[in-house]
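J.: Numbering (mature numbering (1 follows the signal peptide of the UniProt record, and there is no 0)), first residue to last: -20 to -1, 1 to 827. Please read through the structure below; I'll follow up with questions.
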Amino acid sequence: MKKILLFLVFALVAFTKTYSQNKKIISGNVQDEKQLPLIGASVVIDGTNEGAITNGDGKFEFSTEKKQGILLISSVGFETQKMNFHTNNSKDLEIVLESSSLGLDEVVVFSSRAVDRKTPVAVSTIKKDAIELKLGNGEFVEILKSVPGVYASKEGGGFGDGEVTLRGFNSENVAVLINGIPVNDMESGRVFWSNWTGLGSVSSSIQVQRGLGASKVAVPSIGGTINTITDNTASKEGGQVSYTIGNNNYQKVGVKLNTGQMGNGYAATVYADKISGDGFVDGTPFEGVSYFASVSKKINHDHKLVFTATGATQTHGQRFERLSIQDYRTSDRGIKLNKGWGYKNGQLFALSQNTFNKPLISLNHYWTLNSKNKISTAVYYSSGKGGVSFEAGADSGKLTGPNAYRLGTFGPVDVDRVVDENIANGESTAIIQSSANNHIWMGAISTWTSNIDENFTFIGGLDYRYYKGSHYREVSDLLGGQFYKDNGDVNNPNRATVVGDKIGFFNENFVNWIGNFAQLEYDKDKVTAFVAVNASNTSYSRLDHFRKLNSDPTRQTDNVNFFGFGAKTGGNYRLDDYNNVFVNVGYFERAPYSSAVWATNNNDQTNKDAKNQKILSFEIGYGLRLPKFAANVNLYRTQWDDRSQTDTRTALNATTNAQEVIYTNILGVDALHQGVELDFEYRPSSDFTLTGMLSLGDWKWKNNVNAVITDSNQNVISNLNLFIKGLPVGRSAQTTAALGTQYHLTPKTSFNIDYNYTDRYYADFNPGTRTSAGAEPWKVPSFHLFDASILHKFHILSLNAKVIARMNNVFNTEYITRANDLDGTAAGATVFFGSGRTFSISSIINF
């Protein structure tokens, strides 16, 4: 027995020695472009699980039996690099990774991407692989739901109707950029995500800078900056075909083509997709086509041009009316219940339908003056056409409201019955109207970058924007009648209108905006710092076609100007190779939105004394970078004074007995947003990654204010004093947490689980019931959501292919994603429920 054991030990030692002799060492170090070591970078042999994570000095070492292959080197905030290796020459490799912003000169000069451990802001980056893996048939904004401080929802559940808030600030106060070009509406600041439904398929990365941010525009953001970088023309020659199916007949087919850099200096990337589905919520079918094209021309060593066009033409049904929780419980449709649809001629008919097309076209010029100076200029143009339809007329209560012609208590509307009555009557007393938001939007951003010496860089520039918005109601469907009587135009009162005629109101808003900015940056050894100033002038004017006679000179207002300015500074100190701290502080004033200038939609009541919004922000943060673990924690405090905002909700019209949209313009409100955020990433091996975040906010209104309430035709209903001091800010969860895991089952197969927790979400206060001090708005119950996905890579002949299967809300949790308050109770609140369990499967072939 002893001899047998001795033989086994000897054989094991011999085998181990022989095996180890067959394995070769691969070693080296990974640095950034400034020769600083990258801690926690992943170095893996392509197609295997063999690899290592860099240590505190950026060094790595591992052994392999492979004699040659391809190394994949990746790190958060940097471009993934591929490197061929051969074990005869695989020791002491020197690898340099470029920041995600480098190589994207088409956009970085305008959008100022934050660099890990250097830029003194709180930042999160979602890379292309994660977008492709998790998006599926979800909303683009849902990609951001695991970012600290972010609350993302599908709002009413219609396609593209998603909403994102950041640190409690809604999209009006979050700068949204595409390739560094601002896309927030110039009148209201809002972002309509349905205009950008194809963005997820052409995004190379999304960077969320929380707080003041580092974007080079003349007015900083309040809540933060969401900057999406699209695919660039440097992509190698080839293409991609993708097909996705999902719940409720979701289908999407897309094609992408890249020329790569051609010999004549040109390079191009084009993409198009077609999408359709029935929608998770009843009565919300959708269809659309997204498009993207980018063409670059390298004229010579000093000059380069890049042309980019992107957009989407789409139509989708909407769920606009929030309902009581009891309504959802009583209806057999449950959380899918939507009262805003019916049947007409046997076909589904959405009472509220969004139709829009908004292409964004830009031309960028990059001019290298010399080794130290560059000038980059972007000119852009966007025209939007379309709107949202809904009911109108003295008998519109037949379509919505308690007396609507429904097929059952909560069933679809019998639109044919309304059509028959209009035919018999001749005159239509219930119609479908469309609220148009057509606009022309153009601008230019020019940036001069000067590397003064090896430590100092100066950046300065100009930012110009022009906007013309046309707003009116239009007869969309007479529902069987021959005409519709409208009395909205004083130049042609009590007229008979037909499809295509303007009704209700018709006005145009003009915005001229010009600003400049300057920033000085310092980077030496362990210290990075900056100081920045900006100034801007916003000019508003308004032309009213309906409520002023054509001969009345006051139909066109004078320009109303608002001067804004700001300053911010910050610094980052790298304590050692593992730890860094940063701080930033800023104060700025920005022009009020046009709704504060014409709160009553009346040229004669122009509020020339509308106050600038005033923002004071302070933030401090700490970062830890270890070979297998990285974490960030930051504390922020943002004081926001003289804010203006608009609340939108539905209410029963006592005259028509129909649900009607009403608007509340709230002026001069002060708010304090403060909180703490934590995020981390743990990579114990190249096979497994664990990520997480926790965000705790304390956001409250600080004063009582005045509000103007108007109906859907911009008529003033009332003026109210609102007692909101001390109330929590609603519309966003003040506590969020997330955990995410990725495990590589094999080199070609990975499994992902994501968990999100939401709490302390308060319903929006009801302006109509805040006329005296009272209880806090209702707090929505907390909820837990789980998503799962699996990715498998394979080959079809010589082509790379992959299949991705996703399931969102795995446990079919019922949760409320948006709520309006009435009396501080659940019974009085009106809500939207979030989607139940959904799924999608994508097949992708690269060539």
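From the three backbone atoms N, C-alpha and C, an ideal C-beta is built for every residue, glycine too.
Among the candidates Val286, Arg663, Tyr464 and Phe526, whose CA atom is the shortest distance from the CA of Glu371?
T.: Here residue 371 corresponds to residue number 391 of the sequence shown, with the count starting at 1. Per the Cα distances, Tyr464.
J.: Buried or exposed: Ile255, going by 16 or more other Cβ atoms within 10 Å of its Cβ?
T.: Position 275 of the sequence shown holds residue 255. So Ile255 counts as buried.
J.: Taking DSSP as the reference, what is the three-state secondary structure of Phe172?
T.: Taking the first residue of the sequence shown as 1, we reach residue 172 at position 192. Note: Phe172 maps to coil in three-state DSSP.
J.: Count the other C-beta atoms from every protein chain shown that fall within 10 angstroms of the C-beta of Leu303, then say buried if there are 16 or more, exposed otherwise.
T.: The residue labelled residue 303 in the question sits at position 323 within the sequence shown. Leu303 comes out buried.
J.: Which residue marks the beginning of the beta strand (DSSP E) containing Tyr553, and which one marks its end?
T.: Residue mapping note: residue 553 aligns to position 573 of the sequence shown, counting from 1. Element bounds for Tyr553: Val540 to Arg554.
J.: Per the contact definition of three or more C-beta pairs closer than 8 angstroms, is the region 648 to 668 in contact with the region 605 to 618?
T.: The region 605 to 618 is in contact with the region 648 to 668.
J.: Taking all protein chains shown into account, do 16 or more other C-beta atoms lie within 10 angstroms of the C-beta of His283, making it buried, or fewer, making it exposed?
T.: By 1-based counting over the sequence shown, the position of residue 283 is 303. Result: exposed.
J.: Taking only runs that begin and end inside the region 373 to 455, name each unbroken beta strand (DSSP E) of 3 or more residues, in chain order.
T.: Fully enclosed beta strand (DSSP E) runs of 3 or longer: 411 to 431.
J.: What are the start and end residues of each continuous beta strand (DSSP E) run of 3 or more residues lying completely inside the region 582 to 653, in chain order?
T.: Listed in chain order, they are 593 to 605 and 609 to 632.
J.: May I ask you to report which of helix, strand or coil DSSP gives Glu661?
T.: The residue given as residue 661 occupies position 681 in the sequence shown. Looking at Glu661 - three-state DSSP - the assignment turns out to be strand.
J.: I'd like the ranges of any beta strand (DSSP E) spanning at least 3 consecutive residues and lying wholly in the region 20 to 59.
T.: 22 to 25, 31 to 33, 39 to 44 and 48 to 54, all fully within the region 20 to 59.
J.: Tell me which residue opens and which closes the alpha helix (DSSP H) that Ala576 is part of.
T.: Counting from one through the sequence shown, the residue named residue 576 turns up at place 596. Looking at the DSSP string, the run of the alpha helix (DSSP H) that includes Ala576 is Ser574 to Val577.
J.: Buried or exposed: where does Ile111 fall if 16 or more other Cβ atoms within 10 Å of its Cβ makes it buried?
T.: Here residue 111 is taken as the residue at index 131 of the sequence shown, counted from 1. With 16 or more Cβ atoms within 10 Å of its Cβ, Ile111 is classed as buried.
J.: Do the region 768 to 780 and the region 738 to 756 make contact, defined as three or more Cβ pairs closer than 8 angstroms?
T.: Contact between the region 768 to 780 and the region 738 to 756 is absent, because fewer than three Cβ pairs lie under 8 angstroms.
J.: Leaving out five residues on either side along the sequence, give the residues of the same chain with a beta carbon under 6 angstroms from the beta carbon of Gly240.
T.: Here the question's residue 240 lines up with position 260 in the sequence shown. Result list for Gly240: Lys216 and Glu217, in chain order.
J.: Any chance you could list the beta strand (DSSP E) runs of at least 3 consecutive residues sitting entirely within the region 689 to 763, in chain order?
T.: The qualifying runs are 696 to 702, 713 to 726 and 729 to 742.
J.: Could you give the residue range of the beta strand (DSSP E) that holds Ile341?
T.: In the sequence shown, the residue the question calls residue 341 occupies position 361. Taken as a continuous stretch (DSSP letters only), the beta strand (DSSP E) holding Ile341 covers Leu340 to Thr348.
J.: Between which two residues does the beta strand (DSSP E) harbouring Lys680 extend?
T.: Reading the sequence shown from its first residue, position 700 is the one you call residue 680. That run of the beta strand (DSSP E) goes Phe668 to Trp681.
J.: Alpha carbon to alpha carbon, what distance is there between Leu802 and Phe287?
T.: Sequence index remark: in the sequence shown, residue 287 carries index 307 (1-based). Sequence index remark: in the sequence shown, residue 802 carries index 822 (1-based). The straight-line gap from Cα to Cα measures roughly 50 angstroms.
J.: I'd like the span of the alpha helix (DSSP H) that includes Gln306, first residue to last.
T.: To locate residue 306, count along the sequence shown from 1; it is residue 326. Counting along the chain, the alpha helix (DSSP H) containing Gln306 begins and ends at Ile305 to Thr310.
J.: Using only the alpha-carbon positions, how far apart do Ile420 and Asp503 sit?
T.: Working through the sequence shown from its first residue, we reach residue 420 at position 440. Working through the sequence shown from its first residue, we reach residue 503 at position 523. When rounded, the distance between both Cα atoms is 41 angstroms.
J.: Rounded to the nearest angstrom, how far is the Cβ of Gly546 from that of Glu569, given a contact under 8 angstroms?
T.: Numbered from 1 along the sequence shown, position 566 holds the residue referred to as residue 546. Numbered from 1 along the sequence shown, position 589 holds the residue referred to as residue 569. With a Cβ gap of about 7 angstroms, Gly546 and Glu569 count as contacting.
J.: For Asn207, would you say it is in contact with chain B, using Cβ-to-Cβ distances shorter than 8 angstroms as the test?
T.: Of the protein chains in the structure, only one exists, and it is not chain B.
J.: Would you call Asp538 buried or exposed, if buried means 16 or more other Cβ atoms sit within 10 Å of its Cβ?
T.: As a first step, residue 538 is located in the sequence shown; it is residue number 558 there, counting from the start. Under this definition Asp538 is an exposed residue.
J.: What do you get for Gln189, buried or exposed, if any count of 16 or more other CB atoms within 10 angstroms of its CB means buried?
T.: Counted from its first residue, the sequence shown places residue 189 at position 209. That one is buried.
J.: Which two residues bound the contiguous beta strand (DSSP E) that contains Ala247?
T.: For the purposes of this step, residue 247 is taken as the residue at position 267 of the sequence shown. First-last of the beta strand (DSSP E) with Ala247: Tyr246 to Gly257.
J.: With Asn564 and Ala576 assumed to form a contact (beta carbons below 8 angstroms), what rounded beta-carbon distance in angstroms separates them?
T.: For the purposes of this step, residue 564 is identified with residue 584 of the sequence shown, where counting begins at 1. For the purposes of this step, residue 576 is identified with residue 596 of the sequence shown, where counting begins at 1. Not quite, the Cβ-Cβ distance comes to about 28 angstroms (not below 8 angstroms), so this is no contact.
J.: Quick one: what's got a C-beta closer than 8 angstroms to Gly245's C-beta in the same chain, skipping five residues either side?
T.: Position 265 of the sequence shown, counted from the start, is the residue given in the question as residue 245. Result list for Gly245: Lys277, Lys278 and Ile279, in chain order.
J.: So what does DSSP say about residue 846, is it helix, strand or coil?
T.: Nothing about residue 846 can be read from this structure; the chain reaches only from -20 to 827.
J.: So, with DSSP's three-state summary, where would you put Leu124?
T.: The residue labelled residue 124 in the question sits at position 144 within the sequence shown. It is helical.
J.: In whole angstroms, give me the CA-to-CA distance for Glu59 and Pro17.
T.: Position 79 of the sequence shown, counted from the start, is the residue given in the question as residue 59. Position 37 of the sequence shown, counted from the start, is the residue given in the question as residue 17. Cα to Cα, the separation comes out at about 15 angstroms.
J.: Could you name the residues of the same chain whose beta carbon sits closer than 6 angstroms to that of Val790, not counting the 5 residues immediately before and after it, in chain order?
T.: As a first step, residue 790 is located in the sequence shown; it is residue number 810 there, counting from the start. Phe766 and Ala768.
J.: Run through DSSP, which three-state label would Leu179 get?
T.: Here the question's residue 179 lines up with position 199 in the sequence shown. Here Leu179 sits in helix by DSSP.
J.: With a threshold of 16 other CB atoms inside 10 Å of the CB of Gln714, please say whether the residue is buried or exposed.
T.: As a first step, residue 714 is located in the sequence shown; it is residue number 734 there, counting from the start. Per the 10 Å Cβ criterion, buried.
J.: Please work out which residues of its chain come closer than 8 angstroms, Cβ to Cβ, to Ser311, disregarding the five sequence neighbours upstream and downstream, and give them in chain order.
T.: Within the sequence shown, numbered from 1, the residue matching residue 311 stands at position 331. For Ser311, where only same-chain residues beyond five positions count, the Cβ hits under 8 angstroms are Leu317, Thr389 and Phe390.
J.: On the three-state DSSP scale, how would you describe Ile111?
T.: Taking the first residue of the sequence shown as 1, we reach residue 111 at position 131. It is helical.
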